[in-house]
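Just below is one structure, and these are the notes that go with it.
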Amino acid sequence: MFWRVPRSIAIPCMERQSLSAAHPVYVALARGLESCAAVLTLGLRESIGAYSAEERDLLREARVVFFPSIRFVDVLEATGKRTFPSPSTYRFQRSRLQQELLIRYLGIPHPRTRFYYGARQKRHILEGFEYPFLAMGPGHVSSPPRIVRNADDLGRACRAFNPVVIQETPAWDERLRLICVGDACAGALRLHGGGGEAAGWEPVDIEAMRTGDARATRLPGGSETAAGSTRVHGHTGSGKRAPGRGGAEAAVFRSTHDLMRTAGLDDMVFEWARAGTCWYLVRMERPPSTWLTPAGRVHHGRHLCKLIQSGAFS
Numbered sequence: 014m015f016w017r018v019p020r021s022i023a024i025p026c027m028e029r030q031s032l033s034a035a036h037p038v039y040v041a042l043a044r045g046l047e048s049c050a051a052v053l054t055l056g057l058r059e060s061i062g063a064y065s066a067e068e069r070d071l072l073r074e075a076r077v078v079f080f081p082s083i084r085f086v087d088v089l090e091a092t093g094k095r096t097f098p099s100p101s102t103y104r105f106q107r108s109r110l111q112q113e114l115l116i117r118y119l120g121i122p123h124p125r126t127r128f129y130y131g132a133r134q135k136r137h138i139l140e141g142f143e144y145p146f147l148a149m150g151p152g153h154v155s156s157p158p159r160i161v162r163n164a165d166d167l168g169r170a171c172r173a174f175n176p177v178v179i180q181e182t183p184a185w186d187e188r189l190r191l192i193c194v195g196d197a198c199a200g201a202l203r204l205h206g207g208g209g210e211a212a213g214w215e216p217v218d219i220e221a222m223r224t225g226d227a228r229a230t231r232l233p234g235g236s237e238t239a240a241g242s243t244r245v246h247g248h249t250g251s252g253k254r255a256p257g258r259g260g261a262e263a264a265v266f267r268s269t270h271d272l273m274r275t276a277g278l279d280d281m282v283f284e285w286a287r288a289g290t291c292w293y294l295v296r297m298e299r300p301p302s303t304w305l306t307p308a309g310r311v312h313h314g315r316h317l318c319k320l321i322q323s324g325a326f327s
């Protein structure tokens, strides 16, 4: 049973939420939901012991603990506490190695990727890859992908990362980013061709993609992939013919949701890309703080707050 915290306890915004049993408590540790009236934000501290006994009771009684950070998510998981993001989400957001193992295990089409450890293995990179290709570190947070075009680029990447992750870069015809929060996608962006990361991404109507409405996902100028010409791979790795662009994107959408359910992912960007007639899952990463939709800009924290208030986490 939930109890009311004495006013002497310093909990930010405590007055905005009743702690009665009729209103389940939602607690956040790291920043992101400070403006959400349904959530008490305690702040991220160096250890569990840095929280008062009353605050630890709040954590134990909370229906969900939001943004526990990598620091505390394992402790909360071990005690059976539900968190957002989920423990699996944290693991796969932070590790390209874990992503690679998951993608291979599930048989999802993926650009050819290899991990090279130590100077001896790194000397053999050019036996398996031709310039240009991507070089990355094993963790997402500190090592964004680098384009390697020559020996100097490769030398810098090998010195910077161990292991170094090498991934081929096909000439993509188009790319899709599905931004998923909770158990549903909250945004989608498309890039025609293989252009730069910062430019050219256009918002896509999620409902049109989900239902396979090719009219709403037509290429500029009215051109469209011929019906039946796009091959789409589900999470089992099998291919099938899709009825034009709309059907192909609907299959990518469904495959993304299958992957979310299978791996327990609830706060992730899934980037897919098409080369010729086949779609590939390129990478997964943490959602941005904001993104564009056809209806306007969406803020991650505000969107999550609406989900909480709607009962999605009850």
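Each residue of the sequence shown is one higher than the last, beginning at 14 in the numbering used here.
C-beta atoms are modelled at their ideal positions from N, C-alpha and C, and glycine is treated no differently.
request  = Kindly list the residues whose CB is nearer than 7 Å to the CB of Gly195, restricted to its own chain and excluding five residues on each side of it in sequence; keep chain order.
outcome  = Locating residue 195 in the sequence shown gives position 182, counting from the first residue. Within the same chain, Gly195 has close Cβ partners Asp279, Leu320 and Ala325.
query = Just how far apart, CA to CA, sit Glu90 and Leu42?
reply = Looking up residue 90 in the sequence shown gives position 77. Looking up residue 42 in the sequence shown gives position 29. When rounded, the distance between both Cα atoms is 15 Å.
inquiry  = Among the candidates Gly225, Glu113 and Tyr118, whose CA atom is the shortest distance from the CA of Pro124?
reply    = Residue mapping note: residue 124 aligns to position 111 of the sequence shown, counting from 1. Nearest of Gly225, Glu113 and Tyr118 to Pro124, Cα basis: Glu113.
query = To the nearest angstrom, how far is it from the Cα of Met149 to the Cα of Glu143?
reply = Taking the first residue of the sequence shown as position 1, residue 149 is located at position 136. Taking the first residue of the sequence shown as position 1, residue 143 is located at position 130. Answer to the nearest angstrom: the Cα atoms are 16 Å apart.
ask   = Quick one: Cα of Thr96 to Cα of Val311, how far?
value = In the sequence shown, counting from the first residue as 1, residue 96 sits at position 83. In the sequence shown, counting from the first residue as 1, residue 311 sits at position 298. In a straight line, the C-alpha of Thr96 is about 22 Å away from that of Val311.
task = Kindly give me the distance between the Cβ atoms of Pro145 and Thr182, rounded to whole angstroms, as I take these residues to be in contact under 8 Å.
result = Residue numbering aside, residue 145 sits at position 132 when the sequence shown is read from its first letter. Residue numbering aside, residue 182 sits at position 169 when the sequence shown is read from its first letter. With 8 Å as the limit, Pro145 and Thr182 qualify as a contact, their Cβ atoms being about 6 Å apart.
task = Would you kindly report the start and end of the unbroken beta strand (DSSP E) that includes Leu191?
result = Residue mapping note: residue 191 aligns to position 178 of the sequence shown, counting from 1. Here the beta strand (DSSP E) through Leu191 covers Glu187 to Val194.
Proximal residues to Gln111 (C-beta, below 7 Å), its chain only, five neighbours per side dropped = Taking the sequence shown and counting its residues from 1, one reaches residue 111 at position 98. Arg104 and Phe105, listed in sequence order.
key: C-beta contact flag for Val88 and Val40 at 7 Å   = On the sequence shown, position 75 is the one that residue 88 refers to. On the sequence shown, position 27 is the one that residue 40 refers to. No, they are not a contact pair.
ask   = Three-state secondary structure (DSSP) at Tyr130?
value = Here residue 130 refers to the residue found at position 117 of the sequence shown. The answer is coil: DSSP assigns Tyr130 none of H, G, I, E or B.
message = Looking only at its chain, what residues have a beta carbon closer than 7 Å to the beta carbon of Gln322, apart from the 5 residues adjacent to it on each side?
response = Your numbering for residue 322 matches position 309 in the sequence shown. So the list reads Ala51, once near-sequence residues are dropped.
key: Beta-carbon contacts of Trp214 that lie in its chain and below 6 Å, excluding the five residues immediately before and after   = Against the sequence shown, residue 214 aligns to sequence position 201. Only Leu202 and Leu204 meet the Cβ criterion.
key: Pro122 versus Phe128, Ala197, Leu317 and Leu294, residue with shortest Cα-Cα distance   = Within the sequence shown, residue 122 is the residue found at index 109, counting from 1. Considering only alpha carbons, the answer is Leu294.
Limits of the alpha helix (DSSP H) - the one that Phe4 falls within = What the structure shows of the chain is the stretch from 14 to 327, and residue 4 is not part of that stretch, so it cannot be assessed.
Local Cβ density within 10 Å of Ser302, reported as buried at 16 or more and exposed below that = For this step, residue 302 is matched to residue 289 along the sequence shown. That one is exposed.
ask   = Would Gly277 pass as a contact of Ser99 if the rule is Cβ separation under 7 Å?
value = Your numbering for residue 277 matches position 264 in the sequence shown. Your numbering for residue 99 matches position 86 in the sequence shown. Contact flag set, yes.
task = Using 10 angstroms around the beta-carbon of Gly309, count the other beta-carbons present and answer buried if the total reaches 16, otherwise exposed.
result = Translated into the one-based positions of the sequence shown, residue 309 becomes position 296. With fewer than 16 other Cβ atoms within 10 Å, it is exposed.
task = Grab the span of the alpha helix (DSSP H) containing Ile321 for me, first residue to last.
result = Taking the sequence shown and counting its residues from 1, one reaches residue 321 at position 308. Element bounds for Ile321: His313 to Gln322.
ask   = Using the C-alpha atoms, what's the distance from Leu115 back to Gly260?
value = Within the sequence shown, numbered from 1, the residue matching residue 260 stands at position 247. Within the sequence shown, numbered from 1, the residue matching residue 115 stands at position 102. Answer to the nearest angstrom: the Cα atoms are 26 Å apart.
query = Between Arg84 and the ligand PLP, is the CB less than 6 Å from at least one heavy atom?
reply = Summarising the ligand content, the structure contains no ligands, and the ligand PLP is consequently not present.
message = Since Phe85 and Gly45 should fall inside the 8 Å C-beta cutoff, what is the C-beta to C-beta distance between them, to a whole number of angstroms?
response = Taking the first residue of the sequence shown as position 1, residue 85 is located at position 72. Taking the first residue of the sequence shown as position 1, residue 45 is located at position 32. Not confirmed; about 15 Å, so no contact.
key: Neighbourhood of Val282 by C-beta, 8 Å cutoff - its chain only, sequence neighbours within 5 removed   = Counted from its first residue, the sequence shown places residue 282 at position 269. For Val282, where only same-chain residues beyond five positions count, the Cβ hits under 8 Å are Arg190, Leu191, Ile192, Cys193, Met297, Glu298, Arg299, Pro300 and Pro301.
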